[in-house]
Amino acid sequence: MQKIKNYINGELKESISLQYIDNIDPSRGKVYSFIPDSDERDVELAVAAAKAAFPEWSLTPKEKRSKIILKIAALIEENLEALAQAESIDNGKTLALAKTVDIPRAASNFHFYGTAILHYAAHAHSMEDTAINYTLRQPVGVAGCISPWNLPLYLFTWKIAPALAAGNCVVAKPSEVTPMTAYLLSELCIKAGLPKGVLNIVHGYGHKVGNAIVAHKDVPLISFTGGTKTGAHIAGVAAPMFKKLSLELGGKNPNIIFADCDYEKMLSTTIHSSFSNQGQICLCGSRIFIERPIYEKFKNDFVERTKKLEVGNPFDEKSKVGAVVSKPHMEKILTYVDLAKQEGGTVLCGGKRATITGEFSEGYYLEPTIIEGLAYDCRTNQEEIFGPVVTIMPFDKEEEVLMYANSTIYGLASSVWTQDITKAHRIAQNIHAGIVWINCWLLRDLRTPFGGVKSSGVGREGGFEAFDFFTEPKNVCIKIK
Ligand code: NDP
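Numbering (my numbering), first residue to last: -12 to 468.
The structure is reproduced here in structure tokens:
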């Protein structure tokens, strides 16, 4: 069986412990490869390599950095098929989704930041005839980048690409649950001619490798995407060391549907925003609020359409719902379905493990689940489930639905469906979220700020915001008189 390797100082290496963790294919419920069980000794090597590479990389002209980064983008595109296959096997997501979303977006991340760096500029502030100030935007040093399992290569590269383009060196850790495409990326980086030590990828557990990166004194900047609890832990370690921190955390996003919406567009998009990637996208709309006049119609149509979604073999084009990422995650989701029932909810469809026959019978498949009859403030409606489970609730008034929408500790994304432009703007202004999609979902322009408020995170990724994070501004003041 294949053994994944760390990528340190330009080479593919085993971990110092020589120990491995099983890598499970969730679509079959079987071990299919091994992940290095790295620890702080491997992180030490990676940080040393990154530190040594930093002076040269940070002074490499941005045009040259850009060329290498664009080469990585091109290699991802050339290897789209193999990377999509690997992502689908590792994560359980449908191959169709990996091919159309995950891998193209990973290439776009490199492409976008490889070109954006050529246009990034700092400010100058004139003090009339007394002095002139200019701002130097300098790379920070070794950036620690830690990412989750739900969109493995997509989110991993969303951090690495701007960090490298801005002139930092990187020590990165993908989720140990889905390490394969990060490993394949290290091979592509070698092919692209990325100088040794500029990017280092250390595989292994969060509590060992992740912790060691966050706590390392020579890593002054941490970019993390993952759960809110882990984010709080990381902030607790990094803040007293005065590290720069970007935290992209959990969500419990509202999908607000008014009676005057374009019904067909809303319904087909709501199927996607509820169940894409088995509901394991931090931006999925898991709480659906429907204006009362169309509640019954929506409920019937939504349940009927959801029941038609084919669940199973992620490599079959007919499948719309693949496997969830792991057995423990599947069990966690099912616990929430039980909780919803205890809280008085009615399961309108799904609510259990899907029965799949043949080769995929041991995989972790769940039926897409719709629950109604719950209060907006019960645990099911307040806690992140991160699976193919949504709740539906009627509302009568705008103020009422805003109160429901804003009632959680989270504030990542939201969707609003209405043809009334004034109402749409009003809701957008008053909703507590980093992103408001009006009459759409997951429409992304990479120049826009991306991130959440409240317990959904601190800071913004995307566009030049990412360069602002991955550089340190320095004010230079010159007296001219
Ligand atoms: P986790 O928080 O469990 O893990 C995220 C990453 O952090 C993994 O690589 C993990 O390693 C690592 N990690 C775990 N413990 C530590 C630690 N003590 N120190 C440093 N690193 C650590 O999240 P999941 O992987 O379960 O991802 C799902 C979560 O991510 C959801 O809450 C989801 O909402 C959120 N998310 C947020 C997004 C956003 O943009 N706001 C986007 C996508 C997901 P290991 O795998 O070994 O545990």
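The C-beta atom is built at its ideal place from N, Cα and C for all residues, glycine as well.
Predicted model, so just to flag it, every value in this text is computed and none were measured.
Can you have a look at residue i and say buried or exposed, based on whether 16 or more other CB atoms are within 10 angstroms of its CB?
i    : result
Y161 : As written in the sequence, residue 161 is Pro, which differs from the Tyr given in the question. The residue is buried, with at least 16 neighbouring Cβ atoms inside 10 Å.
H106 : exposed
V377 : buried
T333 : exposed
T409 : exposed
G331 : exposed
Q265 : buried
D249 : exposed
P149 : buried
N462 : exposed
I467 : exposed
V18  : exposed
P280 : exposed
D407 : exposed
K146 : buried
F229 : exposed
K236 : Correcting the residue type first, residue 236 is Leu in the shown sequence and not Lys. Result: buried.
A93  : buried
G223 : exposed
I'd like the span of the alpha helix (DSSP H) that includes residue i, first residue to last.
i    : result
C365 : Looking at the DSSP string, C365 is not in any alpha helix (DSSP H), and its letter there is neither H nor E.
Q72  : 67 to 78
S95  : 90 to 103
G450 : 450 to 457
H412 : 408 to 417
P42  : 27 to 46
N137 : Segment: none, N137 is in no alpha helix (DSSP H) and carries neither H nor E.
The ligand NDP heavy atoms versus the CB of residue i: any closer than 6 Å?
i    : result
F373 : yes
T168 : no
N137 : yes
C132 : no
N198 : yes
E74  : no
Y141 : no
S162 : yes
V201 : yes
T217 : yes
C269 : yes
G332 : no
H194 : yes
E235 : yes
T367 : no
H220 : yes
T212 : yes
Helix, strand or coil for residue i, going by three-state DSSP, please let me know.
i     : result
D288  : helix
I275  : strand
P149  : helix
V312  : coil
D325  : helix
A219  : helix
S2    : coil
S443  : helix
P436  : coil
P460  : strand
Q267  : coil
N198  : helix
Y19   : strand
P182  : coil
S348  : coil
L234  : strand
K466  : strand
Y(-6) : strand
On the DSSP letters alone, give me the boundaries of the beta strand (DSSP E) that residue i sits inside.
i    : result
M253 : First-last for M253: 250 to 262, but that is the alpha helix (DSSP H), not the beta strand (DSSP E).
T378 : 376 to 382
V121 : It is worth fixing the name first, because residue 121 is Tyr in this sequence and not Val. Its beta strand (DSSP E) spans residues 118 to 126.
C336 : 333 to 336
A111 : 111 to 114
S210 : 208 to 212
Y473 : Nothing can be reported for residue 473: it is not among the residues displayed for the chain, which extend from -12 to 468.
T356 : 356 to 359
A392 : That residue, A392, is in no beta strand (DSSP E); its alpha helix (DSSP H) goes 385 to 392.
P161 : Unbroken run through P161: none, as it is neither H nor E.
N426 : Note, N426: premise wrong, no beta strand (DSSP E); not H, not E.
S306 : That residue, S306, is in no beta strand (DSSP E); it is neither H nor E in DSSP.
V189 : Per DSSP, V189 belongs to no beta strand (DSSP E) and is neither H nor E.
V298 : Here V298 belongs to no beta strand (DSSP E), and DSSP marks it neither H nor E.
P241 : 240 to 244
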